[in-house]
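Chemist:
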Amino acid sequence: MFANLSYKTQRRIIIIAFSLIPVVLLFTFAYLPVFNMFKYSFTNWNGYSKSFDYVGFENYQTIFTNPKYFSVFKVSLYYFGATFVQMGLALYFATILSFNVRFKNFFKGVLFFPYLLNGVAIGFIFLVFFRPDGTLDTLLQVIGLGHLSQGWLLNPNIINISLAGASLWRYMGFNFIIFLGAISSIGKDIYEAADIDGANRWHQFRHIILPSIKRILQLNLILAISGAISAFDIPYIMTGGSNGSNTFVIQTVDVAFKYSKLGLASAMAVVLLIIVILVTLLQRVLIKGDD
Amino acid sequence: MYRLKYAAGSTFKYITLILGAFAALIPIIVVFFSSLKTNAEYGATSPLDPPQNWMNFSNYTKAFVDGKMLLGFGNTLFILAISIIGATLIGSMIAYVLSRFKFRGSKLLMGAFLLATLIPSVTTQVATFRIIDTLDLVNTRFAPIILYLGTDIIAVYIFLQFLDTISESLDESAMLDGASYITIFFKIVLPLLAPAIVTVIIVKGVNIYNDFYTPFLYMPGENLQVISTALFKFKGPYGSQWEVICAAIMITIIPILVAFIALQKYIYNGFAQGSVK
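First to last, the sequence lines map onto chains A and B. Note that the first sequence covers residues 1 to 291 in full-length UniProt numbering. Note that the second sequence covers residues 1 to 277 in full-length UniProt numbering.
1) Looking at C-beta atoms only, is the number of pairs between the segment 272-284 of chain A and the segment 122-141 of chain B that lie closer than 8 angstroms three or more?
2) What would DSSP say about T117/B, mapped onto helix, strand or coil?
3) Please go through the same chain and pick out, in chain order, the residues whose beta-carbon is closer than 7 angstroms to the beta-carbon of F113/B, but skip the five residues on each side of it.
4) State the CB to CB distance for the pair I208/B and T88/B, rounded to an integer number of angstroms; the pair is presumed to be in contact (CB under 8 angstroms).
5) The segment 112-143 of chain A: which residues have C-beta closer than 7 angstroms to a C-beta of chain B, in chain order?
6) Please state whether the Cβ-Cβ distance between F130/A and S167/A is less than 7 angstroms.
7) Measuring only the C-alpha atoms, how far is K233/B from V23/A?
8) Look at the alpha carbon of V255/A and the alpha carbon of F124/A, and state the distance between them as a whole number of angstroms.
9) Would you list the residues sitting across from Y54/A in a DSSP beta bridge?
10) What whole-angstrom Cβ distance do F159/B and S83/B have, given they're in contact under 8 angstroms?
11) Note down, in chain order, every chain B residue with its Cβ under 7 angstroms from the Cβ of D53/A.
12) If we count the other Cβ atoms within 10 Å of its Cβ and call it buried at 16 or more, is Y226/B buried or exposed?
13) For the alpha helix (DSSP H) that G205/B lies in, which residues bound it at each end?
14) Taking the alpha carbon of I209/A as the point to measure from, which residue in F93/A, L223/A, Y171/A and W45/A has its own alpha carbon closest?
15) Any contact of the segment 248-258 of chain B with the segment 81-96 of chain A, i.e. 3+ C-beta pairs under 8 angstroms?
16) Name the chain B residues that come within less than 8 angstroms of D233/A, Cβ to Cβ?
17) Report the residue ranges of all alpha helix (DSSP H) runs contained in full by the segment 182-265 of chain A; include only those spanning at least 4 residues, in chain order.
18) Taking Cβ positions only, does F103/B come closer than 7 angstroms to chain A?
19) Could you tell me whether any Cβ in chain A is nearer than 7 angstroms to the Cβ of F33/B?
20) Does DSSP classify residue 352/B as helix, strand or coil?
21) Within a Cβ cutoff of 8 angstroms, which residues of the same chain sit near L149/B, ignoring the five residues on either side of it in sequence?
22) State yes or no: is the beta carbon of F73/A nearer than 7 angstroms to at least one beta carbon in chain B?
23) So what's N56/B in DSSP terms, helix, strand or just coil?
24) For F78/B, count neighbouring Cβ atoms within 10 angstroms of its own Cβ and tell me buried if that reaches 16, exposed if not.
25) What's the C-alpha gap between C246/B and V31/B?
26) Where do the N-terminal and C-terminal ends of the alpha helix (DSSP H) with I67/A fall, by residue?
27) Take R11/A as the anchor and find which of G9/B, L98/B, P47/B and A23/B has the nearest alpha-carbon.
28) Which residues mark the beginning and the end of the alpha helix (DSSP H) in which A95/B is found?
29) Go ahead and pull the three-state DSSP assignment for V226/B.
30) Could you pull the start and end residues of the alpha helix (DSSP H) that Q141/A belongs to?
31) Quick one: using the 10 Å Cβ neighbour count with 16 as the cut-off for buried, is I213/A buried or exposed?
32) Can you tell me whether W45/A is buried or exposed, with buried defined as 16 or more other CB within 10 angstroms of its CB?
33) Do N66/A and S41/A count as a contact pair if the criterion is CB distance below 7 angstroms?
34) Can you check whether the C-beta of M55/B is within less than 7 angstroms of a C-beta belonging to chain A?
35) Quick check: is the beta carbon of N36/A nearer than 7 angstroms to any beta carbon in chain B?
Below you can see the structure in the form of structure tokens.
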């Protein structure tokens with residue numbers, strides 16, 4: 001029946017039929033929440049009562065003046081810092097594993113595997129890892145550095161470094177596999193030409209590999225920034241945000257669902273969204289500027 | 001001299017690789033060892049000591065039964081299957097329309113999908129929760145399903161990228177034979193998209209299996225637990241029985257490990273294609 005219609009009619013039907021569901025989903029779950037979020041952020045709504053008042057910028061004022069709300073951004077800096085180490089390690093391993101190495105597939109698999117694990121499983125694995133007399137303390141004793149042992153998750157000065165370390169362990173494999181894919185798409189003949197010119201591995205890395213994956217490095221940097229600001233799984237599962245490990249998202253979830261301050265939580269989410277979008281836009285402009 | 005330097009470089013390379021592999025594996029190996037220890041043994045031995053009895057699976061039985069892990073696997077599988085089939089179908093359809101037809105508003109539609117990638121879903125969760133609540137979906141398996149379908153822009157991208165490489169002359173020659181657009185899509189385009197579909201299934205599958213935030217927020221109900229929330233529930237009541245928690249951790253890891261070993265090649269390709277573009 002459908003086949004008997006003219007292609008012009010068919011075309012119209014297909015366009016509408018195929019885009020209807022995606023468009024409805026896109027607007028309901030991507031744009032409507034953003035719109036509502038802005039609306040709620042100017043209210044004192046608790047999320048369930050029928051009535052609420054518009055309070056202007058009061059929620060925003062609370063976020064920027066009450067140190068309790070603003071200090072969480074400092075925690076993001078730990079995760080942000082960790083992503084540089086993470087990307088450095090990923091780049092190093094991706095580079096050496098794109099050349100001839102024994103047991104290449106084994107190393108590839110082992111380095112990438114943590115990324116595939118469940119966030120809750122990783123949280124628990126690192127609770128075992130960091131507990132007093134746990135894996136880390138035992139390892140330190142074995143290599144004679146037992147005196148460095150301490151409350152990895154109890155000391156507020158160390159806790160965010162420990163958590164960011166767990167996060168690094170989790171996501172390094174992702175960066176690694178992306179870099180590996182990018183490096184392997186560089187033509188073999190370029191290396192051969194470089195070999196003939198007498199370039200060593202460092203020269204090859206500096207002048208061939210690095211420039212060809214620059215774009216992907218920058219892309220990963222964007223992901224790193226938004227990832228650092230939206231850190232949730234690891235700290236929430238491991239510490240619940242205690243001992244100064246509270247991140248912005250943990251706090252937003254608590255404010256919204258535990259303390260029923262939906263208006264305030266929405267304002268926090270708006271701030272978060274604006275930061276992420278600004279950073280992303282800035283990055284895009286910078287990337288474009290390079291070409 | 002050159003050879004000596006080369007050998008030193010090579011040794012350094014292998015030492016770092018072994019250190020890297022060690023760092024990646026040791027946290028998991030310790031959990032594996034612990035999962036096979038008895039409660040007394042767990043308390044008395046060092047985390048690095050292997051278990052006395054490699055066949056002590058009592059923690060596994062306990063974790064599996066007490067933690068209702070089967071229920072968790074069932075719910076995860078249900079959500080995974082429907083979301084992936086839906087996302088593949090919906091994603092490939094919209095990508096087909098966007099890549100093959102130029103119509104009024106097609107640029108705008110494309111822009112709308114592009115712009116949505118800028119919004120991290122974690123920021124809008126509070127408002128999204130209200131929408132799911134209004135739709136009466138909170139505490140049903142359809143809350144995560146509809147969210148996994150609705151926010152899936154990555155799948156659309158992967159399909160769009162791939163559709164560009166499928167020549168339009170194929171569509172045209174089928175049209176000369178009188179095939180309808182529906183036939184062209186299901187009989188020609190969809191089968192040619194197979195590699196892209198595999199990519200989408202892997203990237204999405206991993207995300208859904210590992211997601212904690214969505215099921216935790218939207219399905220607090222006891223009988224709706226998925227693998228990640230089932231595991232999370234061990235935290236309070238088993239505080240003194242870490243060997244049982246370790247067994248529960250291993251139960252969630254084993255399926256991933258098996259899938260990873262079986263699908264290694266596709267998984268690498270999937271991630272290389274799926275995340276960069």
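Cβ atoms here follow ideal geometry from the backbone N, Cα and C, with glycine treated the same way.
Modeler: On the basis of the data shown:
1) yes
2) coil
3) I153 and V156
4) The Cβ separation is near 13 angstroms, so there is no contact.
5) F113, P114, L116, L117, N118, G119, V120, A121, F124, I125, F126, V128, F129, G134, T135 and T138
6) no
7) 37 angstroms
8) 25 angstroms
9) T43/A
10) Going by Cβ atoms, the distance from F159/B to S83/B rounds to 16 angstroms, so no, they are not a contact pair.
11) Per Cβ cutoff of 7 angstroms: no residues; D53/A is ~17 angstroms from chain B at best.
12) For the record, residue 226/B in the displayed sequence is Val; it is not Tyr. With 16 or more Cβ atoms within 10 Å of its Cβ, V226/B is classed as buried.
13) A194 to N210
14) F93/A
15) no
16) F212 and Y213
17) 188-196, 201-204, 214-229, 233-238 and 248-253
18) yes
19) no
20) Outside the displayed span of chain B (1 to 277) sits residue 352/B, for which this structure offers no information.
21) S83, G86, A87 and I90
22) no
23) coil
24) exposed
25) 5 angstroms
26) For clarity, residue 67/A is Pro in the given sequence; the question names Ile instead. From DSSP, the alpha helix (DSSP H) with P67/A extends over P67 to F70.
27) L98/B
28) M69 to R100
29) coil
30) T135 to V142
31) buried
32) buried
33) no
34) no
35) yes
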